[in-house]
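Written out below as structure tokens is the structure these notes cover.
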Amino acid sequence: MKIIRLENTSLGFSSLREEEVDKLVEFDSDSGALKVHALQSPQRVPFGSAQPDLIGQLVGQKLGEGVARIIHNSPVPNAYSAPFKVYLDITLACSLQCPFCLSGAGRGQKASLPVMIIEKLAAEIQELGMMYVKIGGGNPFLHPDFETIINLLRSAGCFLTISTNSAVVTPQIVGLLAKAGVRTSVSIEGMEAVNDSLRGSCHFQKALATLEMLKKGGVNVLLRTTLLRQNLDDVPELVKLARNRGVKIKFSYCRPAGRAVHNQTMLSPQDSPRYLKVLEYLNSPEVLSHVLMDEGMMFSQPSEVLQKLLRGRMCGAANRSMHIDANGKVSPCVFFGPTFSFGKIYQDGTIRDFWQGKVGNKFQTVRAIRQPRECDSCSRLCKNECPANRFYFWGNYDQQDPNCLYEAMRKGGSSTI
129 MKIIRLENTS LGFSSLREEE VDKLVEFDSD SGALKVHALQ SPQRVPFGSA
179 QPDLIGQLVG QKLGEGVARI IHNSPVPNAY SAPFKVYLDI TLACSLQCPF
229 CLSGAGRGQK ASLPVMIIEK LAAEIQELGM MYVKIGGGNP FLHPDFETII
279 NLLRSAGCFL TISTNSAVVT PQIVGLLAKA GVRTSVSIEG MEAVNDSLRG
329 SCHFQKALAT LEMLKKGGVN VLLRTTLLRQ NLDDVPELVK LARNRGVKIK
379 FSYCRPAGRA VHNQTMLSPQ DSPRYLKVLE YLNSPEVLSH VLMDEGMMFS
429 QPSEVLQKLL RGRMCGAANR SMHIDANGKV SPCVFFGPTF SFGKIYQDGT
479 IRDFWQGKVG NKFQTVRAIR QPRECDSCSR LCKNECPANR FYFWGNYDQQ
529 DPNCLYEAMR KGGSSTI
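Sequential numbering of the sequence shown, starting at 129, is according to this note's numbering.
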């Protein structure tokens, strides 16, 4: 299934310009591929009148076959007209108690989103032309209606991704993930000794067994590692492990959310020299093609990143994405913590209501966060990097993220890029 979303991504506009379009976003829900068509000049497209032949004229070419739906939402200042992606925690239930868990999930947690809420979400996701849903938890597989949830969201026309801690993976779950085309990441947080000290005894071997089960079942699978103070030295061995297993491995650094805030797992400014060595390794030519990482960690940000991110902001919070937790609470991003978590979905408002600022002002507040002055003269796209990280370490949004690549280079005395 394909959709085309018509967008006005200006930083502000008058009512006379509400029907103007300056970008078209083409999305394939089967592959998750996203293609952006930037118009040479804004074009007025009256709401409700967009037809495939008109869309083809706007981009000056015939669009791909099978375009199923054309979405033209009312524009939103300083953001896209609707989220591209929603991070959806469907349950807090989990058999593990990881010290860096961003949702604070674990044993004894019972909160789960009811199917009734998922049904409403699926309908609105389809209506707004939202493209991606990252299903999280807790352990999503422990939700009693997991299969129903997958089928509802997939039928809404979005691409699904999910992470597993490998605690509960059955042949039935593998079959469901393969059939629905769910991109699945298997989490490990280091080689065996480090990983098991963080996730529990024997977890490492179980994760590798789960990886093989998913591969044999035809699931689109990769490994995933959150960079912590404890596992930086394991990165080369993790890359080698992934290559030997025939999969890629994705790296992200730990953010200030959940138990990570209290358990000394996050990278701090003091870790910059070690962190830089990891980045130099991951960006080396012989390694780069085998790994995935956050764009801010890339030495060379590819042109397609510039095309997809579009608005000069790498941080997607309130701009391209939002978060809904297992209690139904809405926030621009889970990393901002409870201060920015407000209102319940479909109790206080719809996705559209929260996004457009009809419920609370947290989304507008995040959109107004300025990049650090040091970033003004920087040619890299990161700019904000992670504003939540900046606030956690410095108590304000004015200073650089301590995981800023150039800041790490300065402290490490490197001139790699």
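Note that CB positions come from ideal geometry on N, CA and C, so glycine has one too.
By the C-beta density criterion, S313 is buried, having at least 16 other C-beta atoms within 10 angstroms.
Here T292 is not near P272, since their CB atoms are 9 Å or more apart. Within the same chain, P460, C461 and V494 come within 6 Å of A445 by CB-CB distance, once the 5 residues on both sides are set aside.
Residue state for H418 is assigned as coil, using DSSP reduced to three classes. A straight-line Cα-Cα distance of about 43 Å links I199 and K368. If you look at L342, you'll find it in the alpha helix (DSSP H) that goes H331 to K344.
Contact between L355 and S325 does not hold, since the beta-carbon distance rounds to 16 Å and is not under 8 Å. Apart from sequence neighbours up to five positions away, the residues of its chain that approach R133 with a beta-carbon distance below 6 Å are V153, I199 and G257, ordered along the chain. Between the stretch 446-454 and the stretch 416-424 there are fewer than three inter-stretch CB-CB distances shorter than 8 Å, so the stretches are not counted as touching.
For the options M450, C532 and D150, the alpha carbon positioned closest to that of G424 is the one of C532. Looking at R441, Q484, V487 and S315, the one whose alpha-carbon comes closest to that of D504 is R441. R501: not part of any alpha helix (DSSP H); DSSP gives it neither H nor E. Between the stretch 475-489 and the stretch 285-302, the count of Cβ pairs shorter than 8 Å is below three; the stretches do not touch. The Cβ atoms of V204 and S449 lie no closer than 9 Å to each other. Under the 10 Å beta carbon count, E317 is surrounded by 16 or more other beta carbons and is classified as buried. The beta-carbon distance between L304 and E275, rounded to whole angstroms, is 6 Å. This is short enough to meet the 8 Å contact definition. Taking each of G266, L350, L224 and N411 in turn and checking the Cα distance to R327, the smallest one comes out for L224. Taking the CA atoms as reference points, L336 sits about 13 Å from T353. Here C286 is near M259, since their CB atoms are less than 9 Å apart. Restricting attention to L407, A496 and C382, the CA atom closest to the CA of Q392 is found in C382. By the neighbour-count definition (other C-beta atoms within 10 Å, threshold 16), G374 is an exposed residue. Judged by DSSP in its simplified three-state form, G477 adopts strand.
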